[in-house]
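Chains as they are written, first to last, in our numbering: chain A, 185 to 552; chain B, 184 to 621; chain C, 4 to 303.
Input: a single structure, listed below in structure tokens.
Spelled out as structure tokens, the structure:
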């Protein structure tokens, strides 16, 4: 049997990956690198959410920037309000836009806990409503992808337009780091890195357990043939909406972390290229493998940070070309490459172990 | 399922183990991370960061900024550098992506340990990097025009603020063409702030505002706006449309049958590069307000234009206001650093010390292509002379008016209630001082 | 009170101008969407590189005008040929392997769009270029209180001509019969001896060529930049999705969205108009997910 499909081996691979990430702050004392890796972790969360939605649920989502951006705006508003006080109740940009009192929807963000909760709930709710509307109308496949793209553009224009409330294109720039009670989360500290890593770990493990569950099997069946699953009496739209919403929630978490690390958000987070690049990470890493997608994000972003200046103008050319090759020849991404390599390895060994194949068929093939 | 849950526990345990193995990770403080260091060492090159986009959409203006900075650095180094030490640029590509701006700023400060950063063109990118710059108490030279309403202790700007930019343009246009004006801008912060200032000048000049329209950033459909202008029949148009949209605006203006003689566009952005990109026949006759034009007839400017275009950096074949402001920032840095070294010695130099010693720095007529400028000692923006140019049929500009004296920069000119920007922070009407207001 | 004063101050001539402008905006969006429509309608391929095909059309006109000295009205058909060739190469080299994986064609063509955009940037630089046109195109017509620029009329005329030509191609030629047969049932068509491979190839090339024409016109209206295509492509997608992927659907969808944009922009502003339009389209798709005129064939 191919060890790639062995659930135990998969968990080991996950453990090894996170162990390596956990070693980073031990080995690295460069605060820049730590911050950079934490940012990669955020991108890893995004790739994970795409893998869950697209690879596993079969819903291609080109608008993942929506929950990410909404989460990020919520967090930025929370952090911005932390630096306002009674003598100075309004964020500076509102004064410049001739507002004389805090807009209603900013009020809850005075409270840090409520602010963070809202930053997570609002994007999730949006995904539930939008996804619910679309999936119940049986919009699917490329059509859904285009609709997410249109929705993304709509949010982008809206946030640009309501400048008094969002500061338009300049975005929100909280002047000081996040304070949680008495603790200041310095974006360059190992604490910030650990926060992101633990969130990534929890999200990955939860997502993995989900793919292995009964719910996961139905979702994969929907990906295979939604019509048949519907005939079997399942509420297909419900399953699709749920997967899309969970993936949106993970993206919202990523958005919060991102603002915690960079203290900045702007409508550029709703830019189509950013949402499409999330799909590239997952596509190159391997959308069918949660871990593959995360590794994809690390690889591409790492390459952009370290090779981007060397390649300069050819970087996008290289990235685009690489992506075309992956789509054409490796639809399962780099993880698919690992899969077939391991497959060859085990088929050579498997000849004298005939019943191994039969046994492996009984186990649900995760991420298949 | 059972195996997987057990493995999950294993994974969790592994993670927790790693966490315990690194307990110091939680206690290390900021000071240890990038504690005291000497920013400049005697006899070694002085590192400065150039943070502009060399690829992507913003590369059009920002690549020129990188080139002209390199030209200025070469010029300074040839003349002996700063206090005998040469300047060494660390050039990075921000890829027109605000995420990259933020990442590269951290890299320049924390890894390359540059003593100052020269960078950004759009306000959005400046806002993206300012939290990092302020958290590290570092120094950003922002070499272009912007809206103001910011009071940080970590920036020096060499371009015009909104309160300087249109001060002469509006009265001039009212006087030449008539009282009625229509405002068109790109839909973001700088045009809206500029228009607020323009309204004040307009009121003083006795003009009348007929309408105010904003186009999405990068938008190219000006039909609806031009229809509204046609109905309103203004005497001139005041434009703060930027980038590719600006070119579409000028083209459609002519294609829709508007005549430049009877209703010219007075712009804050349509300079030498824009005119070249749209074709001279679309730019001719319109007006621009800027502190610098390539056509300025002074010996210093002739030297700058010829020297730059002949150098290996002059491949794009023009100089314009944004480049000249960038060029000035190199000299403001040089003079500020020299003054700081004299005051505190080489070992005492930090980015913040350079900034504090840059108050009142002057760049004289024989160095500054646009003529004498100096840095305000309170808000660290630039005193300069805005000039008005009219685009000619060959794409060059004829200067039709220049301010008599340098105009004071005031980032909070239209918000007197908020306070006054001083060297130590924003002083509110209640006398309270607030630092790092962005 | 509001109603009376509203109609009292309502400016009918301005509103009529907004409606006429709406026709023009509609023609611009439609010509951008035509190529996308036939590629999607026939082969079910969502071509993310469509915006870059438009951009290539503008650049090929620029190239011919500046290096060969071709007059502008010849650049337009030349752009069709050049971009159609690029489309042909792309189809043969990449797309034809992906017809069974519609989501993957979307992704692969996105990769293509990155490569094309950056490739053009490397060759021509990222500074904007411009297309020169005879001065007659840069004037405008005035009939009473109605105003419209000559070039907008030309764009409208070319759009109408192209729609008619496409209709004739699909409904009045042998090739059109083959295309419609392949659209309805590929296997059945094949059993009647229709070479579906060839049909896909040709429709893809024609679709790309149409984008080329659009590009050479947009280069005059707007600006020639490596990123110019991205501004049109979302609108074009929406026209195709609302129309349901048929020619008639796209014509009506293009007309409706263009008019709505112009009218919303007349009452509010451009940015808000665009936002309202997007939201309306989402609501519309909730009611009619298959678009205005879904093809009679099985849904892909």
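A virtual CB, placed ideally from N, CA and C, is assigned to each residue, including glycine.
{"Query": "Leaving out the 5 sequence neighbours to the left and right, which residues in its chain are closer than 8 Å to residue 184 of chain C when beta-carbon positions are compared?", "Result": "191, 192, 195, 197"}
{"Query": "Taking a cut of 8 Å between CB atoms, which residues from the segment 390–410 of chain B lie near chain C?", "Result": "396, 397, 398, 399, 401, 402, 403, 404, 406, 407, 408, 410"}
{"Query": "With residue 238 of chain A and residue 387 of chain A assumed to form a contact (beta carbons below 8 Å), what rounded beta-carbon distance in angstroms separates them?", "Result": "At roughly 16 Å, the Cβ-Cβ gap does not stay under 8 Å, so residue 238 of chain A and residue 387 of chain A are not in contact."}
{"Query": "Given this structure, state the Cα-to-Cα distance separating residue 268 of chain C from residue 399 of chain B, to the nearest angstrom.", "Result": "12 Å"}
{"Query": "Can you confirm whether residue 313 of chain B, when its beta carbon is compared against all beta carbons of chain A, has any partner nearer than 8 Å?", "Result": "yes"}
{"Query": "Can you pull the chain A residues whose beta carbon is under 8 Å from the beta carbon of residue 620 of chain B, in chain order?", "Result": "276, 359"}
{"Query": "Which bits of chain C does residue 462 of chain B rub up against, with CB to CB less than 8 Å?", "Result": "133, 135"}
{"Query": "Could you please tell me which residues of the segment 423–440 of chain B, in chain order, have their CB closer than 8 Å to any CB of chain C?", "Result": "427, 430, 431, 434, 435, 437, 438, 439, 440"}
{"Query": "Determine the direct distance from the alpha carbon of residue 208 of chain A to that of residue 204 of chain B, and round the result to whole angstroms.", "Result": "Residue placement at residue 204 of chain B cannot be trusted, given a pLDDT of 37 that sits under 50; what the coordinates show is reported in the next sentence. Taking the straight line joining both Cα atoms gives about 12 Å."}
{"Query": "Threshold first: 3 residues or longer. Then list the beta strand (DSSP E) segments lying entirely within the segment 374–403 of chain A, N to C.", "Result": "none"}
{"Query": "Output, in chain order, the set of chain A residues within a Cβ distance shorter than 7 Å of residue 284 of chain C.", "Result": "334"}
{"Query": "Residue 258 of chain B: which of B:266, B:501, B:270, B:247 sits nearest, CA to CA?", "Result": "B:270"}
{"Query": "From what residue to what residue does the alpha helix (DSSP H) around residue 345 of chain A run?", "Result": "325–345"}
{"Query": "Per DSSP, residue 150 of chain C is paired with what?", "Result": "C:145"}
{"Query": "In terms of alpha-carbon separation, which member of B:303, B:409, B:348, B:231 lies closest to residue 278 of chain B?", "Result": "B:303"}
{"Query": "Listing by chain order, which chain B residues have their CB less than 7 Å from the CB of residue 269 of chain A?", "Result": "Those within 7 Å of residue 269 of chain A in chain B number zero; the least Cβ separation is about 10 Å."}
{"Query": "Is the separation between the beta-carbon of residue 451 of chain B and that of residue 377 of chain B shorter than 8 Å?", "Result": "yes"}
{"Query": "For residue 306 of chain C, tell me which candidate among C:155, C:221, C:206 has the shortest Cα-Cα distance.", "Result": "The requested residue 306 of chain C does not occur in the structure, where chain C is confined to residues 4 to 303."}
{"Query": "Just verifying my parser: in three-state terms, what is the DSSP assignment at residue 321 of chain A?", "Result": "coil"}
{"Query": "Whole-angstrom Cβ separation of residue 512 of chain B and residue 317 of chain B, contact assumed at under 8 Å?", "Result": "Actually they do not touch by this definition, with Cβ atoms about 19 Å apart."}
{"Query": "In terms of alpha-carbon separation, which member of B:529, B:309, B:561 lies closest to residue 225 of chain B?", "Result": "B:529"}
{"Query": "Using a cut-off of 9 Å between C-beta atoms, extract the partners of residue 452 of chain A located in chain B.", "Result": "280, 281, 282, 307, 311"}
{"Query": "Which residues in chain A have a C-beta closer than 9 Å to the C-beta of residue 293 of chain B? List them in chain order.", "Result": "214, 215, 216, 217, 219, 372"}
{"Query": "In the DSSP output, what is residue 268 of chain B paired with across the bridge?", "Result": "B:265"}
{"Query": "Does the structure place the segment 488–499 of chain B close enough to the segment 517–533 of chain B that three or more beta carbon pairs sit under 8 Å?", "Result": "no"}
{"Query": "Does chain A have any CB closer than 8 Å to the CB of residue 325 of chain B?", "Result": "no"}
{"Query": "Would you decide whether residue 364 of chain A is buried or exposed? Buried here means 16 or more other CB atoms lie within 10 Å of its CB.", "Result": "exposed"}
{"Query": "Do residue 252 of chain B and residue 458 of chain B have their C-beta atoms within less than 8 Å of each other?", "Result": "no"}
{"Query": "Consult DSSP for residue 62 of chain C and reduce its assignment to one of helix, strand or coil.", "Result": "helix"}
{"Query": "DSSP three-state call for residue 580 of chain B: helix, strand or coil?", "Result": "strand"}
{"Query": "To the nearest angstrom, report how far apart residue 189 of chain A and residue 473 of chain A are at their CA atoms.", "Result": "11 Å"}
{"Query": "Strictly under 8 Å for the Cβ-Cβ distance: is residue 275 of chain B near chain A by that measure?", "Result": "yes"}
{"Query": "I want to know whether the segment 274–283 of chain A touches the segment 477–494 of chain A - three or more CB-CB distances under 8 Å.", "Result": "no"}
{"Query": "Taking the beta carbon of residue 461 of chain B as the centre, do at least 16 other beta carbons fall within 10 Å, making it buried, or is it exposed?", "Result": "buried"}
{"Query": "Counting Cβ pairs, one atom from each stretch, are 3 or more of them under 8 Å apart for the segment 294–301 of chain B and the segment 331–346 of chain A?", "Result": "no"}
{"Query": "Using the beta-carbon count (16 or more within 10 Å), is residue 439 of chain B buried or exposed?", "Result": "buried"}
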